[in-house]
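What follows is one structure encoded as structure tokens, with my remarks underneath.
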Amino acid sequence: MGIREYAEISKFRIVAVLNLVAITSLLAASNWQVSWETILSLFIAGTISSMGASALNHYYDRDIDSLMHRTRNRPIPSARLGSRNALAYGLTLSIASVIIAYLTLNPMSAAFIALGIFFYAIIYTAWLKRINVSNIVIGGFAGSCASYAGWVAVTGTLDLLGFLVGLLVFIWTPSHFWCLAIKNKEEYASAKVPMLPVLVGDKVAAKYVLVNTMVLVPYSIMLYFFGLGILYLIITSIMGAMMLAYNFKLIRNPTKDIAWKVYKVSSPYLAIIFLALMFDTIVSL
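Quick note on our numbering: the sequence shown kicks off at 31 and runs consecutively.
Here it is in structure tokens:
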């Protein structure tokens, strides 16, 4: 048991994505008129909240992780880290993140950080993941909370554009994770996790992915008409066309390899859209 094990259950890749979402939302909401102290506070609170929520996810999922090949070597099921230590680590970071946000940002930002932790660790992980096919759909709201926490850190309130921007994460989530579920369908089935492909098969699941993406792409572009600029429109249109092209490939050939490629393409999609949002505000100044 050491630093490596705690780092593994912290899921730093997810931390990086959520920090990007939160900070780009902060900069877009403020038109870059924000202090470095506020950015640093959001980064610290966002980082440890994501680490804490991920640790709680590892703690609760330790039983099903031991049943799946791709997760059985994680720190808790492989006995490299005690479950109580992981629980204490997750709770400590989660509570600390809310306190830091409350003291250094504002109560609204702290509330959204707390809500994000609650949705991911309780609503998704402890409740829906094992019983409901819509688990990842509803659980995606946890990612939206990162955007909302960043937005309200400078505005104090969540306006219409801020709400719509955060909803991007919610809408993007199914297209991303259903592809991962197609890739790992047998493992989810062996662990009795009711992911969409387990219940309806790969071919039907691929159609759901396409339908969701056909909502996501025009929704992303639609935000242009709420005051965003031409740079945002160009980038979202290009990324949307790429997403749809890969989704149609999956419809024609719903294999694990194609699903994995769509998953890998959808990974940078969200990051690039939020970066476009952030840099668009510079061009518009």
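Glycine included, every Cβ here is placed at the ideal spot set by N, Cα and C. Every value quoted in this text rests on a predicted model; they were computed, and no experiment measured them.
Counting along the chain, where does the alpha helix (DSSP H) carrying residue i start and finish?
{"i": "F42", "result": "42 to 60"}
{"i": "P227", "result": "226 to 230"}
{"i": "Y132", "result": "113 to 134"}
{"i": "I106", "result": "From DSSP, I106 is part of no alpha helix (DSSP H); its letter is neither H nor E."}
{"i": "A179", "result": "171 to 185"}
{"i": "G257", "result": "Taken as a continuous stretch (DSSP letters only), G257 belongs to no alpha helix (DSSP H), as it is neither H nor E."}
{"i": "L73", "result": "Rather than Leu, the amino acid found at residue 73 in this sequence is Phe. 66 to 90 is the extent of the alpha helix (DSSP H) around F73."}
{"i": "W157", "result": "That residue, W157, is in no alpha helix (DSSP H); it is neither H nor E in DSSP."}
{"i": "W222", "result": "Per the sequence shown, residue 222 should be read as Lys rather than Trp. From DSSP, K222 is part of no alpha helix (DSSP H); its letter is neither H nor E."}
{"i": "M138", "result": "137 to 148"}
{"i": "T327", "result": "Given a span of 31 to 315 for the chain in the structure shown, any question on residue 327 remains unanswerable."}
What distance in whole Å lies between the Cβ atoms of residue j and residue i, which are believed to be in contact at a cut-off of 8 Å?
{"i": "Y89", "j": "L117", "result": "5 Å"}
{"i": "V45", "j": "S80", "result": "4 Å"}
{"i": "V205", "j": "L246", "result": "The identity of residue 205 in the sequence shown is Ser, whereas the question assumes Val. Yes, S205 and L246 are in contact; Cβ-Cβ is about 6 Å, under 8 Å."}
{"i": "F200", "j": "G170", "result": "5 Å"}
{"i": "N277", "j": "T243", "result": "5 Å"}
{"i": "T185", "j": "A59", "result": "5 Å"}
{"i": "D140", "j": "A131", "result": "Strictly speaking, residue 140 in this sequence is Ala, with Asp absent from that position. The Cβ separation is near 4 Å, so the contact holds."}
{"i": "I53", "j": "I69", "result": "6 Å"}
{"i": "R43", "j": "E217", "result": "Actually they are not in contact, since the Cβ atoms of R43 and E217 sit about 20 Å apart, beyond 8 Å."}
Closest by CA to residue i, which one among the options?
{"i": "I125", "options": "F148, T311, I106", "result": "F148"}
{"i": "L135", "options": "S164, L261, A46, Y178", "result": "Y178"}
{"i": "L198", "options": "I312, T266, P284", "result": "T266"}
{"i": "R114", "options": "P248, M138, T187, R92", "result": "R92"}
{"i": "L305", "options": "R43, L57, Q63, K41", "result": "L57"}
{"i": "V230", "options": "N242, N103, K215, L72", "result": "K215"}
{"i": "G120", "options": "R104, S139, A83", "result": "A83"}
{"i": "S40", "options": "I69, L86, N165, L50", "result": "L86"}
{"i": "V313", "options": "N242, L300, L263", "result": "L263"}
{"i": "G173", "options": "E38, G76, P137", "result": "G76"}
{"i": "G257", "options": "A275, L190, V51", "result": "L190"}
{"i": "V49", "options": "N61, I78, W290, N165", "result": "Sequence check: residue 49 is Asn here, not Val. If we check each option's Cα against that of N49, I78 comes out closest."}
{"i": "I33", "options": "W66, P105, V51, I260", "result": "P105"}
{"i": "Y249", "options": "S55, G270, S139, V239", "result": "G270"}
{"i": "L194", "options": "C175, N103, I302", "result": "C175"}
{"i": "L280", "options": "A289, M273, M272", "result": "A289"}
{"i": "M308", "options": "V51, E38, I74, K286", "result": "V51"}
{"i": "S220", "options": "A131, K291, D95", "result": "D95"}
{"i": "P224", "options": "V167, M272, V163, S55", "result": "V163"}
{"i": "L97", "options": "I251, K294, K222", "result": "K222"}
{"i": "F142", "options": "I74, V182, Y293, D310", "result": "V182"}
{"i": "S297", "options": "I260, M273, G192", "result": "M273"}
{"i": "K294", "options": "H99, N103, T203, I69", "result": "T203"}
{"i": "I260", "options": "D310, I166, I53", "result": "D310"}
{"i": "P137", "options": "L72, R102, H99", "result": "L72"}
{"i": "L226", "options": "A37, E67, V167", "result": "V167"}
{"i": "A37", "options": "D287, V241, L123", "result": "L123"}
{"i": "K213", "options": "T187, I268, S55, D287", "result": "D287"}
{"i": "I251", "options": "Y299, E67, N165", "result": "Y299"}
{"i": "A275", "options": "I303, F255, V239", "result": "V239"}
{"i": "N103", "options": "E35, S65, V64, L145", "result": "E35"}
{"i": "N165", "options": "V292, K291, V228, Q63", "result": "V228"}
{"i": "I268", "options": "I303, F255, K291, V241", "result": "I303"}
{"i": "N14", "options": "K291, V292, G192", "result": "One cannot answer for residue 14 here, as it falls past the ends of the chain, which runs 31 to 315."}
- Query: Using 8 Å as the Cβ pair cut-off and three pairs as the minimum, do the region 100 to 110 and the region 152 to 170 touch?
  - Reply: No, they do not touch.
- Using 8 Å as the Cβ pair cut-off and three pairs as the minimum, do the region 232 to 247 and the region 202 to 221 touch? Counting Cβ pairs under 8 Å, three or more are found: they touch.
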